[in-house]
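Chains as they are written, first to last, in the numbering used here: chain A, 189 to 601; chain B, 202 to 540. Note that the Cβ used here is the ideal one computed from N, Cα and C, for glycine as well.
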Amino acid sequence: MSWRIERLGGWAAVSAIAFVVSGHGASAESLDLKIGALLEASGPLSEIGPPAEKATNLAAEVANKAAKDAGATIKVGVVTADAQGDPQAALSAARTLVDKGASCILGPGTTPESISVLNGITMQRKITLWPLASSTRLRTVKDDGTIYRTVAADDLQSKALVQAIENHVGKGKSVAIVFRNEPYGDALSKSFTTDWKATGGTITTTVSFDPQQQSFDSEAGQVVADNPDAYVVIDYPETYAKFGAALVRTGKFDAKKVFVADALSFANVPENIPAEALEGAYGVAGGSPTGTETYKLFNKLWDEAGGVANASYTANTFDAGILCFLAAVQAGSTEPGAIRDKIRSVTQDGAPQFTIANLSEAVKAAETGKPIDYVGVSGLFRFKDNGDPSTSLYDVFQYKGGKQVKVEQVNVK
Amino acid sequence: MSATPTVRASAAEDDASAVRSRLASPSRLTVLVAVMAVVFCLLAALFGLVPTAQATINGFVAGSYTGLGAIGLTLVLGILKLVNFAHGDLLVAGAYFTILFAWLGLPLPLAMLGAMVATAALALVTEKIVWQPLRQAKAGTLQLFLSAIGLGLVIRFSVQFFAGSQVRTLGANVVDSIALGPLRLGTLQAVALLVGLAAMLLVGLALRFTGIGKEMRAFADNRALAEVSGIDTQHVINMTWIVSGFLAGLAGILYATAIGSFNPNFGLTLLLSLFAATVLGGIGNAYGALVGGLVIGLSQEWSTLMFNARWKPAVGFALLILMLLFMPQGIFGRKKRGS
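As structure tokens, then:
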């Protein structure tokens, strides 16, 4: 008996020493943070899976290096699961991630998946969810403060599309809209219609299609029917492979008039999409402030890591991972609810600013428990009450020779 | 089986009914064609001739995709009385066998032919390891039905296991089109339509005139009677699976080629349309499968002239229900005989 008490006393002493040495109550023992990546590895958005996975791994790598340099005892690991573009599959994938100990979850890519994961598990467990989905609908769902987005919502994307068309086609022109019948396309097409008409433009037709159909020739015919000056295409790669082919088959289609929304933004046009359907087409996707040291550093890290080419929204995924890490450091805990409560205090206006260039200092500052302001690769974060960012920078790009070429950046409010 | 049920085994059974159905079936088709013609004229008057004609072409294309797939399905359903929920996945197998053989170095036409043979072999294998034992165990309709769903899952996920679930393409040129005045028809779509028509005619004629075709019809009409009249029923069953599998392979390959982009789930999304075409055409009838597919395709594409395209499956299937109300046995189907 006495031996046992002695042992226990010994442990208590060791803990007490660790407590004093670490200088922070809760991080007495080393923290093992698991970031869950809910990837679109298969399904209609499978093009975005690999870059998102690499961005998450890169965030963990950068975080681990910063923690080591700062002498912090936190370790970051990544667990992944495939959301398949399907709400049910996304929920079961999210459960897998939680079982593997994920304290926050990056992804999924679509709004229905996000809502299913939110209601099925993350809200209840207070796990922060960082969807890549950009629908405005995620703003109005009850989320108990668990949804944060590093990508801007589609009311801003709509304005970016308006600017892109004005820049490359002109003001007051006629536009045909086509969208895959999902919340993303439905909401974005409505915002765009309002915004485009407000600038004096006209809409020739709005065609929505059911993604389960085999042929889209009638729909494609309607899009080109009135020979509009531009087409706005809000689609996923899986269906645009078919819809784009149908557009070309009409014989009245000009790919240079196409303006795609961000779900059709890729570094290289996938081989199943006919080249004629996107060559010369324009598009918009959330951008990062280029020319900053942070941006250059991120690009350098990306290239050094090898693997898939950089794509849209990788910086946003990366930043989400870093924010989760910093919040865990500040909370001194990997408990999901504790992390959730610190997200705003690592992006606090007026607090000392840090980037990935001096992330180890950010770790030291966060360990003291005082607010900091992480300036991401994708820009400054000022989360609104609903967890949406106020970032509003969009890339306008064009496909040339099957590759994405950035044309300009537009700032929208 | 078609309009003339002159199966020897059952001919004596009911001459009057044979005559009746010979008269009734063409008249159902005539009525349908007449209704479609009237609808076409109405649409042309309301929405213009060119848009209506283009929608009609699109309807034929959409219809040929489902019609072609439905021919193999209707044979199994009509002859073996099996609701083969795995049929859509046989189409998938056809498309992926092509990818496999092309990957192994065969030129594409040979890979396609090999894939059809392989799909036929796969269908025969399912008969040997699933359906024959289940029949011998006297499995009921529900058991067979559930086994078919399970078998479909096994095929689909086996494909996924080996080939992955990402989107694939056979690399055919899907953007070329033939201009017919102001109208357009995709080149590969025209091929799919022609192959669909050819397959329908071949299967229809083979059922009517070849020995095995007659045996199949006899088997479909009355299995016991066919057996006592000296027909090797297991041979008939095997042949049905081989033909059905071959046609499924053909349909899957054409679909994958003409659509241009697919993943292992395309069979599942197609399955409902295949059953609809089969039932509307009249179960067990090769002509019916294609005509049923075309009618559904036309209803859907014509509906896009009036409604937003996102409603086209809803409109198409509402019309399907309406048509079945008027002819529950389908376009070419026979009235059920009292036995």
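Item	Value
On a Cα-Cα basis, can you pick out the residue from A:Gly-590, A:Asp-583, A:Lys-591, A:Asp-507 that is closest to Asn-599 of chain A?	A:Asp-583
Helix, strand or coil: how does DSSP classify Glu-481 of chain A here?	helix
Rounded to whole angstroms, what's the CA-CA distance from Thr-427 of chain A to Gly-297 of chain A? Just pull it up for me.	16 Å
Using only the alpha-carbon positions, how far apart do Cys-292 of chain A and Lys-222 of chain A sit?	8 Å
Can you give the Cα-Cα distance for Thr-522 of chain A and Ser-474 of chain B, rounded to whole angstroms?	50 Å
Using a Cβ cut-off of 8 Å (strictly closer), state whether Ile-460 of chain B contacts chain D.	In summary, chain D is missing from the structure at hand, where the protein chains are A and B.
So, do the segment 243-253 of chain A and the segment 318-329 of chain A have three or more beta carbon pairs nearer to each other than 8 Å?	no
Between Glu-328 of chain B and chain A, is the shortest Cβ-Cβ distance under 8 Å, so that the two count as touching?	no
Which residues mark the beginning and the end of the alpha helix (DSSP H) in which Ser-291 of chain A is found?	Ser-291 of chain A -> not in any alpha helix (DSSP H); beta strand (DSSP E) instead, spanning 290-294.
Could you tell me the boundaries of the alpha helix (DSSP H) in which Gln-390 of chain B lies?	388-410
Inspect the beta-carbon positions of Ala-455 of chain A and Leu-233 of chain A and report whether they are closer than 8 Å.	no
Using alpha carbons as the reference points, say which of B:Ser-366, B:Ala-459, B:Leu-343 lies closest to Ser-378 of chain B.	B:Ala-459
So, for Gly-289 of chain A: in the same chain, excluding its five sequence neighbours on each side, which residues have a beta-carbon less than 6 Å away from its beta-carbon?	Lys-222
Mapping the DSSP letters down to three states, classify Leu-224 of chain B as helix, strand or coil.	Residue placement at Leu-224 of chain B is poorly supported in this model, since its pLDDT is 48, which falls under 50; the coordinates still yield a value, given next. Of the three classes helix, strand and coil, the one that applies to Leu-224 of chain B here is helix, per DSSP.
With burial defined as no fewer than 16 other Cβ atoms inside 10 Å of the residue's Cβ, what is the status of Glu-481 of chain A: buried or exposed?	exposed
Starting from Phe-585 of chain A, follow its DSSP beta bridges and name the residues at the other end.	A:Gly-471, A:Lys-594
Buried or exposed: where does Lys-488 of chain A fall if 16 or more other Cβ atoms within 10 Å of its Cβ makes it buried?	exposed
List the residues of chain B whose Cβ lies closer than 7 Å to the Cβ of Arg-437 of chain A, in chain order.	Val-376, Ser-378, Arg-385, Gly-387
Under 8 Å between C-beta atoms, does Arg-357 of chain B make it to chain A?	no
Nearest to Gln-518 of chain A by CA position, among A:Pro-559, A:Val-339, A:Ser-302, is which residue?	A:Pro-559
Report the residue from A:Met-311, A:Val-366, A:Val-565, A:Asp-442 whose alpha carbon sits nearest the alpha carbon of Lys-330 of chain A.	A:Met-311
Looking at the secondary structure, which residues open and close the beta strand (DSSP E) in which Val-448 of chain A lies?	446-448
Restricting to Cα atoms, I'd like to know which of B:Leu-386, B:Leu-233, B:Val-239, B:Ala-303 is closest to Gly-372 of chain B.	B:Ala-303
Is there contact between the segment 399-419 of chain A and the segment 439-449 of chain A, where contact requires at least three CB pairs shorter than 8 Å?	yes
Mind checking if Thr-505 of chain B is an interface residue toward chain A, Cβ cutoff 8 Å exclusive?	yes
Between which two residues does the beta strand (DSSP E) harbouring Tyr-501 of chain A extend?	Neither: Tyr-501 of chain A is in no beta strand (DSSP E) and is coded neither H nor E.
CB-CB under 6 Å to Gly-360 of chain A, same chain, minus the five flanking residues each way: which ones, in chain order?	Gly-388, Gly-389
In chain order, what residues of the same chain lie with their CB nearer than 6 Å to the CB of Phe-286 of chain B, ignoring the 5 residues before and after it?	Ala-349, Ile-350, Gly-353
Does any CB atom of chain A fall closer than 8 Å to the CB of Glu-214 of chain B?	Any reading at Glu-214 of chain B must be qualified, since the residue scores a pLDDT of 46, below 50, and its modelled position is unreliable; the value itself is stated next. No, because no Cβ of chain A sits closer than 8 Å to the Cβ of Glu-214 of chain B.
Name the chain B residues that come within less than 9 Å of Ala-433 of chain A, Cβ to Cβ?	Val-375, Val-376, Gly-387, Ile-460, Gly-461, Ser-462
Is Ala-312 of chain B closer than 8 Å to Gly-446 of chain B when the C-beta atoms are compared?	no
Given a limit of 7 Å on CB to CB distance, which residues of the segment 249-282 of chain B reach chain A?	Gln-255, Ala-256, Asn-259, Val-262, Ala-263, Tyr-266
Take Thr-381 of chain A and list the residues in its own chain whose beta-carbon comes closer than 6 Å to its own, dropping the five residues that flank it on each side.	Ile-391
Could you pull the start and end residues of the beta strand (DSSP E) that Thr-382 of chain A belongs to?	Run containing Thr-382 of chain A: none in the beta strand (DSSP E); it sits in the alpha helix (DSSP H), 371-386.
With a Cβ-Cβ cutoff of 8 Å, do Phe-261 of chain B and Leu-495 of chain B count as a contact?	yes
So is Gly-431 of chain B in contact with chain A if we call contact Cβ pairs under 8 Å?	no
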